[in-house]
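Student:
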Amino acid sequence: MPDLFLNHYIEQFSRLRTDKNKKHWPVMTNYRAPHKPFLLLTILDLAAQAGLPTNFIEITAELGEIFSQYWQTIMPVETHGNIALPFFHLRSSGFWHLIPIPEKAGDLENIRQVDTLSQLKKYILGAKLDEELFELIKIGENRNILRTAIIQSYFDLSLHEILFKLGELNLKTFQYSQALIYKVKAGTPVSEDESEKFIFVRDQGFRKTVVKLYQHRCAFCGIRMLTVDGHSAVEAAHIIPWHVNHDDDPRNGVSLCRLCHWTFDEGLISISKEYLILLSGEIKSSQNAAGHLGTMEQRPMLRTKDSLFMPFQESIHYHRENVFRR
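Using my numbering, the letters of the sequence shown map in sequence onto residues 580 to 905.
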């Protein structure tokens, strides 16, 4: 019976209704809109990361981030991937079921087009898969078979290896991120791997871990801007630069917006022993218009929810002594 179900969904995944237009879509996607295939690859990645503990697929930043990664890797830079489109229109596949907000169920049945996530979220809580499909994708071998069906059906041969590797990298990034958290709690050192293949995993895993610890907020100015398709205003900054000590321990990192990240790397901002924000005299120079940065002197930096992950004293001491412009 499982084989019958698997064969059924292989066929379903291979025959998605997608827009076919040579003027709109490139040869690399077989002249077809790639939205639905990218969303299904995203779902398979989440399943591999134990990101679907129940048969409920919510529109989250994590979902949007993986979808955007597929889009940005494959599609021309001038195009924009809108996850609202496949999330809504996959309902025609037969295995994807939208879960309406109870009082909006009647309205959802009458809607034929949704253009934005904000529109979609007015009507739905999320989506669920056929129970048989949900059970199938818990197993790695089944996920690989379904992934192969998607990639072979909707993408040019030249992209097959790239797409398979991207799925592998997404899993390794998740595993590295989890390992960073585990090793801190276990008191074991974070191992380093400088291989070219691992650079992407290391960078993305460190970013994912640090940004999540600070709940996507800048530890200095406090800004939190997170779109539903996974774009965040903050980045993960190494306190002691990677090239100095090769340390991806989350406590050698801090979540910063792009402006604060730049000022931190330039030594215009630092952190005191008491986790207070220090400003360089250069910020107050008459030639600068520091704006809100000039108001942060001696303000406490944002703390991680778990104090175990606050920055190393050794790291912030290094920054004060070697980077900060007093």
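Glycine is no exception: its CB is placed at the ideal position from the N, C-alpha and C atoms.
Do His-825 and Ser-811 come within 7 angstroms of each other at the CB atom, strictly closer than that value?
Tutor: For Ser-811 and His-825, no; Cβs fall outside 7 angstroms.
Student: Assuming Phe-592 and Thr-621 are in contact, meaning their beta carbons sit under 8 angstroms apart, how far apart are those beta carbons, in whole angstroms?
Tutor: Actually they do not touch by this definition, with Cβ atoms about 13 angstroms apart.
Student: Is there at least one non-hydrogen atom of the ligand SAH closer than 6 angstroms to the beta-carbon of Ile-862?
Tutor: For the structure depicted, the ligand SAH is absent and the ligand set is empty, with no information on it obtainable.
Student: Please classify Gly-685 as buried or exposed, where buried requires at least 16 other C-beta atoms within 10 Å of its C-beta.
Tutor: By the 10 Å Cβ count, Gly-685 comes out exposed.
Student: Going by other Cβ atoms of all chains shown within 10 Å of its Cβ, with 16 needed for buried, is Gly-784 buried or exposed?
Tutor: The residue in question, Gly-784, is buried, as its Cβ has 16 or more Cβ neighbours within 10 Å.
Student: Contact between the segment 843-851 and the segment 887-903 is defined here as three or more beta-carbon pairs at a separation below 8 angstroms; is this criterion met?
Tutor: As far as the Cβ criterion goes, the segment 843-851 touches the segment 887-903, which means the pair count is three or higher.
Student: Grab me the residues of Glu-590's own chain with a C-beta within less than 8 angstroms of its C-beta, minus the 5 sequence neighbours each way, in chain order.
Tutor: If we look at Glu-590 and ignore the five residues flanking it on each side, it has no Cβ neighbours.
Student: Using the Cα positions of Trp-841 and His-871, report the straight-line distance between them to the nearest angstrom.
Tutor: Trp-841 and His-871: Cα-Cα distance of roughly 15 angstroms.
Student: Below 7 angstroms CB to CB, which residues in the same chain sit around Phe-584 once its five sequence neighbours on both sides are set aside?
Tutor: If we look at Phe-584 and ignore the five residues flanking it on each side, its Cβ neighbours are Glu-711 and Leu-715.
Student: For Ser-859, which residues from the same chain have a beta carbon less than 6 angstroms from its beta carbon, with the 5 sequence-adjacent residues on both sides left out?
Tutor: So the qualifying residues of the chain are Leu-847 and Arg-904.
Student: Excluding the 5 residues flanking Ile-729 on each side, which residues of the same chain have their C-beta closer than 7 angstroms to its C-beta?
Tutor: The residues are Phe-592, Pro-616, Leu-619 and Leu-620.
Student: Look up Arg-670 in the DSSP assignment and say whether it is helix, strand or coil.
Tutor: Correct three-state label for Arg-670: helix.
Student: Buried or exposed for Glu-773, going by 16 or more other Cβ atoms inside 10 Å?
Tutor: Interpretation of Glu-773 is limited by its pLDDT of 48, a score under 50 that renders its predicted location unreliable; the figure taken from the coordinates is listed afterwards. By the 10 Å Cβ count, Glu-773 comes out exposed.
Student: From which residue to which residue does the beta strand (DSSP E) around Cys-800 run?
Tutor: Premise fails: Cys-800 is in no beta strand (DSSP E) and is neither H nor E.
Student: Give me the Cα-Cα distance between Leu-855 and Arg-882, rounded to the nearest whole angstrom.
Tutor: Going from the Cα of Leu-855 to the Cα of Arg-882 covers about 11 angstroms.
Student: Under a three-way DSSP split, which group does Ser-593 fall into?
Tutor: Residue state, collapsed to three classes: helix.
Student: How would you label Glu-644, buried or exposed, when you count the other beta carbons within 10 angstroms and need 16 or more for buried?
Tutor: Its Cβ being crowded by 16 or more others within 10 Å, Glu-644 is buried.
Student: According to DSSP, simplified to helix, strand and coil, what is Gly-660?
Tutor: It is coil, neither helix nor strand.
Student: Am I right that Asp-827 and Leu-748 are in contact with their C-beta atoms under 8 angstroms? What's the rounded C-beta distance?
Tutor: That pair is no contact at about 16 angstroms.
Student: Can you tell which of His-668, Tyr-649 and Gln-731 has the C-alpha that lies nearest to the C-alpha of His-659?
Tutor: The option with the nearest alpha carbon to His-659 is Tyr-649.
Student: Can you check which of these residues, Gly-630, Met-889 and Asn-831, is closest to Glu-853 by C-alpha distance?
Tutor: Looking at the Cα atoms, Met-889 is the closest of the given residues.
Student: Is it the case that the Cβ atoms of Arg-726 and Leu-623 are separated by a distance below 7 angstroms?
Tutor: For Arg-726 and Leu-623, yes; Cβs fall inside 7 angstroms.
Student: Runs of 4 residues minimum, wholly inside the segment 799-856: which ones carry the alpha helix (DSSP H) assignment?
Tutor: If we require 4 residues or more, the alpha helix (DSSP H) runs fully inside the segment 799-856 come out as 821-824 and 837-844.
Student: Would you identify the three-state DSSP class for Gly-630, choosing helix, strand or coil?
Tutor: Coil at Gly-630, not helix or strand.
Student: What residue does the beta strand (DSSP E) around Lys-707 start on, and which one ends it?
Tutor: Per DSSP, Lys-707 belongs to the beta strand (DSSP E) from 703-708.
Student: Quick one: residues in its chain with C-beta nearer than 8 angstroms to the C-beta of Ile-802, no 5 flanking neighbours on either side, listed in chain order?
Tutor: Result list for Ile-802: Arg-796, Ala-812, Val-813 and Cys-836, in chain order.
Student: Take the Cβ of Val-780 as the centre, count every other Cβ of all protein chains shown within 10 Å, and call the residue buried at 16 or more, exposed below.
Tutor: Counting Cβ neighbours within 10 Å, Val-780 comes out buried, since at least 16 surround it.
Student: With a threshold of 7 angstroms on Cβ separation, who are the neighbours of Ile-805 within its own chain once the five nearest residues in sequence on each side are excluded?
Tutor: Looking at the sequence shown, residue 805 is not Ile but Leu. Taken in chain order, the residues that qualify are Ala-640, His-795 and Ser-811.
Student: State the DSSP-derived secondary structure class of Ile-622, mapped to helix, strand or coil.
Tutor: Helix.
Student: Give me the Cβ distance between Ile-741 and Leu-704, rounded to the nearest whole Å; I'm assuming they're in contact under 8 angstroms.
Tutor: Not confirmed; about 34 angstroms, so no contact.
Student: Leu-872 by DSSP, collapsed to three states: which one?
Tutor: Helix, per DSSP.
Student: Go ahead and pull the three-state DSSP assignment for Trp-530.
Tutor: This structure cannot settle anything about residue 530, because the visible part of the chain is limited to 580 through 905.
Student: With DSSP as the reference, please indicate the residues paired to Arg-611 in a beta bridge.
Tutor: DSSP, once it has assigned bridges, lists Lys-599 as partnering Arg-611.
Student: For Asp-598, which residues in the same chain have their Cβ closer than 6 angstroms to its Cβ, ignoring the five residues on either side in sequence?
Tutor: Within the same chain, Asp-598 has close Cβ partners Ala-612.
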